[in-house]
Every structure is written in structure tokens, then in C-alpha cells.
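Only one structure is covered here, and it is reproduced in the block below.
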Amino acid sequence: MSRYSSEMDRREAIAAMLASAAGLGLLCQGAVEAQAPVVKPAAGAKAKAVIQIWLWGGSCHIDTFDPKPEAGRDYAGPLTSPIATKTDGLRISELMPLLAPLSDKYSVIRSMTHGVNSHETASYLVQTGRRSGDRLVYPCMGAVVSLLRGYDAGYRGMIPPYVVLTKPQGRFSESGFLGPKYKPFATGGDPAAKRFAVEGVISEQITDDRQKLRRDLLHGLDSLGAAMPGNDQFAKLDQTEKAAYDLILGDGAKLFDLNQEKDDLRERYGRTTFGQSCLMARRLVESGVPYVTVNYGGWDTHKQHFETMRRKLPELDKGLSTLITDLSDRGLLDSTIVWCGGEFGRTPKIGWEAPWNGGRSHWGSVFSALVAGGGFKGGHVVGSSDARGEQVKDRPVSPQDLIGTMYQLLGIDPDSPMPNPRGLDIKLMPAAEGGGRVTELI
């Protein structure tokens, strides 16, 4: 190997590391990737972005948006005083008083169903609209939006078009067969910390001045680049480095700096990881990012369920209610879908005996989801469960139905072809398994 090829390898490696650290690695080609057609939003598309509040682990429908106090202690537990809302027929948990007066801005689907009780396969189904087992790993909705509304379709934002706050969902490959180009940029860090240390963008241990000194040192060592001015390959690498440093020291760092928000607004969201993640999600869609997932774990409550609910439901109530209000106040709710739910519900009948001590297990037969904005009507309830919250009573809604409806609002035809590495004749969404797309909310 010549001295020059060795220097080139070193320079390429440095640039690649910078790009990856700043999230720009998402632009790199994977082993197998689909080439996205340039798809313009259909005429009349109402939504430009999606904020998904992913209740990882599966939240209990009975303890959130479909309370059943009349079913008795073995089903309702100690939560026997649901709150009436502005919406006829809609009561929600007594631990969510801030969401109750906002019900005209959101709707609740009480008849979500798929019958799957495993985290992995249920998460895959709810986020992709596909059942597992056909030898293809399909992309989730965020990756599809990244494909059809991201860089290939003219997106020019500094932040990647699909962002997860703060950890990847982790139960499946979000990008599926589309490849790593369409994986989400997971921020890492904690937005509730004094400084939100976004992975590859901000380090709590390194000041901006020190980052600038490091950049200057890197440029000082780049003797090969200086000796070959005008080289096209070097110019591309310099452009990649500049984009990385724009994230680290420029507008990207400012976007992730929640200290720019007013203290009273941050307090309204809640000074928790979840609350500040909701605030960060608003900032991201405000800057043009089309898909943001807030990965909010802790809902897999097999044991001591109600102790956990008394902690988590007020946190959810505070963050989600402020997000909806904040988006509305800024004129963003009309163009931003807010989708809140998990992979399934939880067993309606409570396990009081040891070792569960008042726990609930997995329940895919019926569960709830909240939707708001982006063309979804507020103040409605779709479907219902039976008296004990065990089965769908009327109007079943499948993950395919809901995702297909959201694609519609985004101006994406759910019946259009899905790019895939095998050239198979498949659609973005398969045939509905429930009662069809949720047209009564659009």
C-alpha cells in the first residue's frame, strides 16, 4: 500500500466516523436497500409529520382509556373513579385529569385488536401492519415515512427524517428489508438532564470550545487534503465533515438544546425523561422532521401493576396533554398526527396472588389507542370492548386499519407498491383484518 492510499484510508475513516457520530450514517447505503420513488403527497394531504408515543410493554386499556369500574375489584382494581370528558361516552382514568378536558382535540379507539400476546410479534405487527412468519422482515411505519418523505423524496433537513427518543424500540429491525439507510436516529441521552447529550452530537464532558480546537487540529493534520485542492472525492468528504460539525456546533446542537425553551413550559411537560422527550418531539416536527417516536417504556407490569400506574399515568397525562396543547397553540396540530399506544393491552382480570401481587399480563384481544391531529377528528370514540374489557364488542380495528389510515392522511396511498429487494408484488399495507380503515375519524 502506498503512502497516499494509506492517507486516503485514514481520511475516509475520520470522515466516516464523523458522519456516523452525527447521525449522518443513516445516509450510507446498506447491504440491501430499496430505492424510493419520488412520491409527492397526494392532493389534500393533511398531515406532514407523525409523533408516535410508543407505550413499550403494553399499557392497560382498562386503566387508561377504557375504564370498567362496574366490573368490580378483580377487573378495575383500586381505580374506580374514572373522569368524564367533553366527549359523550368517553371516560378516562382518574389518574389522567389533564387529558380529560382536552378530549375535543383527540379521539380514542377502544377496539384495537390482533390477538397476539408476545411482545416481539405484537410490536412488529402494531408498527408494521404485518404478521410475522412470511420470511420477509417488513419496515415499520417510521421507516416507510423515511423512505417516502425523507432524503430520497427531497427532504433536506439537517436531522435525519426518522428519530427515536431516546432508545430504539429494540424488539425488531425497524427498517426491515429497506436497509440501514432507513433506520431511526436514536438520540440516546436524557432530555431531562442539565444538558441533553445526544449521541454523536453533544458530549457532557467536552465543551464547544474544545470541539472547535479538535476540529482545527484535524484540519492542521490534513496535509494530503491541502496538497490536493479541487479533488472531487476530498470535496465530498469535506462536505460530510461540515454537515457533521454543523450538527455538533451549529443549528443541530441548538435544536437539541431544551434550555432554549421557557422554564414554565418545561415544567408543564414535566421534568422527566418522558415529558422532556415530548417537548423535544415537538421541536423536531417544528423543524421539519416527518417522523418521531418517543419510546416510553415501563408498561410491562406483571407485578404490582397499580403501584406502577400511580407513578406512570400522571407522567403520561402531563407530557401528552401538554404536547397536544403545545402543538395546537403553535398551529402544528392540524398537520401533525399524534399516535399513542403500545403493542397490546393487559389482562382485564387482575392477578392478586403471589408473586404477581396485583399484576396484569399480556392481552392482544382488545386494547386502546389515542389519535390526534393531522386530519384526525377530535372528540370521538371508535368501537368498544365488552363489559369486562376482554373482547371487542363492536367495530374491530386492526393495526393495518390504523396505519393505513395514517398513511392516507400523510398523502401516501396504502395500496401503492412497497419497494423491496426481491421485486415482489406487495403493497404498503396488506388487506385489512379488522373493520377497515378508520374513515369515521377523517
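Residue numbers (my numbering): 17 to 458. All C-beta atoms, glycine included, are put in the ideal place defined by N, C-alpha and C.
Where the alpha helix (DSSP H) containing residue i begins and where it ends
| i | result |
| --- | --- |
| Leu281 | Asp279 to Tyr285 |
| Asp417 | Pro415 to Leu425 |
| Gly158 | Met157 to Arg165 |
| Gln68 | Gln68 -> not in any alpha helix (DSSP H); beta strand (DSSP E) instead, spanning Ala65 to Leu71. |
| Val142 | His135 to Thr144 |
| Tyr91 | Arg89 to Ala92 |
The beta strand (DSSP E) enclosing residue i, as first and last residue numbers
| i | result |
| --- | --- |
| Met112 | Careful: Met112 lies outside any beta strand (DSSP E) and carries neither H nor E. |
| Lys328 | No beta strand (DSSP E) holds Lys328; the alpha helix (DSSP H) holding it covers His321 to Asp345. |
| Tyr171 | That residue, Tyr171, is in no beta strand (DSSP E); it is neither H nor E in DSSP. |
| Trp355 | Thr352 to Gly357 |
| Lys409 | Val408 to Asp410 |
Residue i: CB within 7 Å of a non-hydrogen atom of the ligand NAP
| i | result |
| --- | --- |
| Gly216 | This structure lacks the ligand NAP, and indeed carries no ligand of any kind. |
Three-state secondary structure assigned by DSSP to residue i
| i | result |
| --- | --- |
| Cys294 | helix |
| Ala213 | coil |
| Arg299 | helix |
| Ser119 | helix |
| Lys443 | strand |
| Pro437 | coil |
| Gly314 | coil |
| Arg453 | coil |
| Gly205 | coil |
| Gly361 | strand |
| Ala388 | strand |
| Pro85 | helix |
| Phe188 | coil |
| Asn247 | coil |
| Tyr154 | coil |
| Ala61 | coil |
| Leu348 | coil |
| Pro196 | helix |
| Thr80 | coil |
| Thr288 | coil |
| Lys393 | coil |
| Ala448 | coil |
| Ala50 | Unreliable placement is indicated for Ala50, whose pLDDT of 45 sits below 50; the coordinate value is still reported in the next sentence. Looking at Ala50 - three-state DSSP - the assignment turns out to be coil, as it is neither helix nor strand. |
Beta bridge counterpart(s) of residue i as assigned by DSSP
| i | result |
| --- | --- |
| Phe383 | Met128 |
| Ser309 | It is Thr, not Ser, that sits at residue 309 in the sequence shown. Thr309 is bridged to Gln68 and Val180. |
| Ile175 | In the DSSP output, where bridge partners are listed per residue, Ile175 has none listed. |
| Ile99 | Ile108 |
| Ser400 | Asp410 |
| Gly367 | Gly375 |
Expected contact under 8 Å - CB spacing of residue i and residue j to nearest Å
| i | j | result |
| --- | --- | --- |
| Leu336 | Leu106 | Their Cβ separation, rounded to whole angstroms, is 15 Å, which puts Leu336 and Leu106 out of contact at 8 Å. |
| Gly427 | Ala61 | 3 Å |
| Ser189 | Tyr178 | About 13 Å; that fails the 8 Å criterion. |
| Leu343 | Arg298 | 6 Å |
| Val310 | Leu181 | 5 Å |
| Arg13 | Ser139 | Residue 13 lies beyond the residue range present for the chain, which begins at 17 and ends at 458; the question has no answer from this structure. |
| Phe81 | Leu440 | So it is not a contact: roughly 37 Å between Cβ atoms. |
| Ile69 | Cys356 | 4 Å |
| Ala208 | Arg287 | 6 Å |
| Leu274 | Phe212 | 6 Å |
| Thr352 | Ala169 | Not really, about 18 Å apart at Cβ, beyond 8 Å. |
| Val217 | Phe272 | 6 Å |
| Arg453 | Gln424 | 7 Å |
| Leu457 | Lys393 | 5 Å |
Min CB distance residue i to chain D below 8 Å
| i | result |
| --- | --- |
| Ile78 | Going by chain labels, chain D is absent from the structure shown, which holds only one protein chain. |
>> Any contact between the region 354-369 and the region 85-96? By contact I mean 3 or more CB pairs, one from each, below 8 Å.
In response: yes
>> Can you confirm whether the region 410-417 touches the region 141-156 when touching is taken to mean that 3 or more C-beta pairs between the two stretches lie within less than 8 Å?
In response: yes
> Is the region 331-351 in contact with the region 198-208, if contact means three or more CB pairs nearer than 8 Å?
Replying inline: no
>> When you compare the region 421-441 with the region 109-123, are there three or more beta-carbon pairs, one atom per stretch, that lie closer than 8 Å?
In response: no
>> Under 8 Å: do the region 391-410 and the region 124-135 share three or more Cβ pairs, one atom per stretch?
In response: yes
> How do the region 312-328 and the region 72-79 stand: do at least 3 beta-carbon pairs fall below 8 Å, yes or no?
Replying inline: yes
> Quick check: the region 344-362 against the region 372-390, are there 3 or more CB pairs under 8 Å?
Replying inline: yes
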